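Worksheet for the structure shown next.
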Amino acid sequence: MRRFLSTALAVLLVGFSPFASAEDREPWKDSRNALVIDAYEMNIIEWDKLVKNKRVAAFISKASDGLPEVFDCSRPHKGDTTAHCKTMWRKYAVSRELYQTRRMLARANGLLWGAYHLARPGNPVDQANHFLDYAEPSADELMVLDIESLDSDKFMSLEDAEIFARHIKARTGRYPVLYTNHDTARHIAVRRDQYRLLSRLPLWYARYKPEIKGVFPMGNWDSYFLWQFSSAANCGSKSCPMRIEGTLDDIDINAAAMAKAELAKRWSEGALVPEKPPALQYLVSVSGSLVAAAFSGFHIKPLARDTSTHPVVTAQNYQDL
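As structure tokens, then:
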């Protein structure tokens, strides 16, 4: 009976395996896997050195950030003074020129190109239009929606993020990739019936650990599209998961669990991952013999009714128990 229940539990957890696959443990150490660099405007890049690294397949740059600033600094704006407002516009002009220059250098050296929008509170349609106007993505370039956390006072709400993604699809015919951390990804995966679109966007997964055994499958995601494994958060002078010549320790480095050729095929697909059937919400406690279970006398009750001595295990929270 114990063996039967163990097997049933494994099946009910939708393919969960306690064993790490090659893509779950330091895939960046496999020289066959492609690497992707992503940067914002303050990261220093020495392109002549960077492009010599033949494992680097792509470069993703920050494009837009939240809502566009107003052009008329006499009107309400993000700057606290008119002088500050004008300074912000100069910065915006310089950052956009830097974006275009990086794009030209990356593509001239054979790298795939992508752009991300740092999503903030505010009208998601206006933000989507701002991103497309800023990045001007071509059909072979990756588009990314960056949701940094669940704090909707600082970043776009998940409800607005769904509107953003739909508008990108309406204007370009392609969906963006979703960049986020483990906590936010798991929140979406558990509530994938609520976030039907976000939970199906390919996942760019930020997690600064050498191993993510048992994380995937997670909701509709069988695995990540990209894994951001190194950044200023875990890279310093004494230790760093990986250093790329031509960049500093604050650069973000990502691994794809695939070769450069395969990544190139998938880079700009803009498709959704398949939707899985609704997750089993509650596992069950079983009494009765296996013979009786096949016909009668097989008693099943939700564990939620007996929480005083047993935690309620669901198909979503089993990793926490």
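As numbered in mature numbering (1 follows the signal peptide of the UniProt record, and there is no 0), residues -22 to -1, 1 to 299 make up the sequence shown, in order.
Ideal placement from N, C-alpha and C gives every residue a C-beta, glycine not left out.
From a predicted model like this one, the values you see are computed outputs, not experimental measurements.
Is it the case that the region 115 to 126 contacts the region 151 to 161, given that we only count it when at least three CB pairs across the two stretches are under 8 Å?
A contact exists between the region 151 to 161 and the region 115 to 126.
Take tryptophan 199 as the anchor and find which of Val103, Cys213, Val168, Ile146 has the nearest alpha-carbon.
Proximity to tryptophan 199 across Val103, Cys213, Val168, Ile146 peaks at Val168, based on C-alpha coordinates.
With a 10 Å radius around its C-beta and 16 neighbouring C-beta atoms as the bar for buried, classify alanine -1 as buried or exposed.
Alanine -1 comes out exposed.
In angstroms, rounded to a whole number, what distance separates the CA positions of glycine 100 and glycine 192?
C-alpha separation (whole angstroms): 36 Å.
Distance check for valine 29 and glutamate 223, CA to CA, integer angstroms please.
Distance between the alpha carbons of glutamate 223 and valine 29 is about 9 Å.
Does tryptophan 6 come out as helix, strand or coil in the three-state DSSP assignment?
Correct three-state label for tryptophan 6: helix.
Can tryptophan 25 and proline 219 be called in contact, C-beta distance under 8 Å?
No, these two residues do not count as a Cβ contact at 8 Å.
Quick one: Cα of methionine 196 to Cα of arginine 178, how far?
Distance between the alpha carbons of methionine 196 and arginine 178 is about 11 Å.
According to DSSP, what are the bridge partners of tyrosine 94?
Answer is Lys40, Val122, bridged to tyrosine 94.
List the residues that DSSP assigns as beta-bridge partners of valine 14.
Valine 14 pairs with Ala36, Asn232.
Under 8 Å, with one C-beta from each stretch per pair, do the region 225 to 237 and the region 203 to 210 reach the 3-pair mark?
Two segments are said to touch when three or more pairs of C-beta atoms, one from each, lie closer than 8 Å; by this definition the region 225 to 237 touches the region 203 to 210.
Which residue wins for smallest C-alpha separation from tyrosine 183, given the options Trp245, Ser201, Leu176, Cys213?
Put simply, of Trp245, Ser201, Leu176, Cys213 the residue whose alpha carbon is nearest the alpha carbon of tyrosine 183 is Ser201.
DSSP three-state assignment for residue 332, whether helix, strand or coil
Missing from the structure shown is residue 332; the chain here goes from -22 to 299 and no further.
Can you confirm whether the region 102 to 109 touches the region 65 to 81 when touching is taken to mean that 3 or more C-beta pairs between the two stretches lie within less than 8 Å?
Not touching, per the Cβ criterion.
Considering only the alpha carbon of each residue, which of Glu140, Pro154, Arg185, Thr150 lies closest to aspartate 171?
Of the residues Glu140, Pro154, Arg185, Thr150, the one whose Cα lies closest to the Cα of aspartate 171 is Glu140.
Return the chain-ordered list of same chain residues with a C-beta closer than 8 Å to the C-beta of isoleucine 146, the five sequence neighbours on each side being excluded.
Result list for isoleucine 146: Ala106, Phe109, Leu110, Met121, Leu123, Arg152, Tyr153, Pro154, in chain order.
Have a look at alanine 93 and alanine 113 and give me their C-alpha separation to the nearest angstrom.
In this structure, the CA atom of alanine 93 is about 7 Å from the CA atom of alanine 113.
What is the DSSP secondary structure of tyrosine 112, counted as helix, strand or coil?
Helix at tyrosine 112.
Under the three-state DSSP convention, the category valine 168 falls into
In the structure shown, the three-state DSSP call for valine 168 is helix.
Tell me the rounded alpha-carbon separation between serine 127 and aspartate 43.
Rounded to whole angstroms, serine 127 to aspartate 43 spans 15 Å at the Cα level.
Which of helix, strand or coil does DSSP assign to serine 267?
Bear in mind that the predicted position of serine 267 carries a pLDDT of just 40, short of 50, making it unreliable; the figure below should be weighed with that in mind. The three-state secondary structure of serine 267, taken from DSSP, is coil.
Determine the contact status of alanine 35 and leucine 83, defining contact as a CB-CB distance below 8 Å.
Here alanine 35 is not near leucine 83, since their CB atoms are 8 Å or more apart.
Helix or strand or just coil, what does DSSP make of asparagine 107?
Asparagine 107: helix per DSSP, three-state reduction.
Tryptophan 245, DSSP secondary structure in three states:
Secondary structure of tryptophan 245 (DSSP, three-state): coil.
May I ask which residues mark the beginning and end of the alpha helix (DSSP H) holding threonine 150?
Bounds of the alpha helix (DSSP H) holding threonine 150 are 136 to 150.
Report the rounded CA-to-CA distance for serine 217 versus alanine 12, giving the unit in angstroms.
The alpha-carbon of serine 217 is positioned some 22 Å away from that of alanine 12.
Tell me which same chain residues have a C-beta within less than 7 Å of the C-beta of valine 251, skipping the five on either side of it?
Short of 7 Å from the beta carbon of valine 251, and not among the five residues preceding or following it, lie these beta carbons of its own chain, in chain order: Arg178, Pro180, Asn198, Trp199.
Under the three-state reduction of DSSP, which class applies to phenylalanine 276: helix, strand or coil?
Residue placement at phenylalanine 276 is flagged as unreliable, the pLDDT there being 40, under the threshold of 50; the coordinate-derived value follows with that caveat. Correct three-state label for phenylalanine 276: coil.
On the CB-based measure, 16 or more other CB atoms within 10 Å of its CB, does threonine 162 come out buried or exposed?
Buried, by the Cβ-count rule.
Given cysteine 213, which residues of its chain have a CB within under 7 Å of its CB, disregarding the five upstream and five downstream residues?
Its chain contains Pro219, Asp227 as the residues whose beta carbon lies nearer than 7 Å to that of cysteine 213, once the 5 sequence neighbours on both sides are disregarded; these appear in chain order.
For leucine 241, collect the residues of the same chain with a Cβ closer than 6 Å to its Cβ; drop the 5 residues on either side in sequence, then sort them by chain order.
So the list reads Ala12, Ala35, Ala234, once near-sequence residues are dropped.
Counterpart residues of threonine 158 in DSSP-defined beta bridges
Listed as beta-bridge partners of threonine 158 by DSSP are Tyr183.
At what residues does the alpha helix (DSSP H) containing aspartate 26 begin and finish?
From DSSP, the alpha helix (DSSP H) with aspartate 26 extends over 25 to 28.
CB-CB under 6 Å to arginine 81, same chain, minus the five flanking residues each way: which ones, in chain order?
Within the same chain, arginine 81 has close Cβ partners Trp91.
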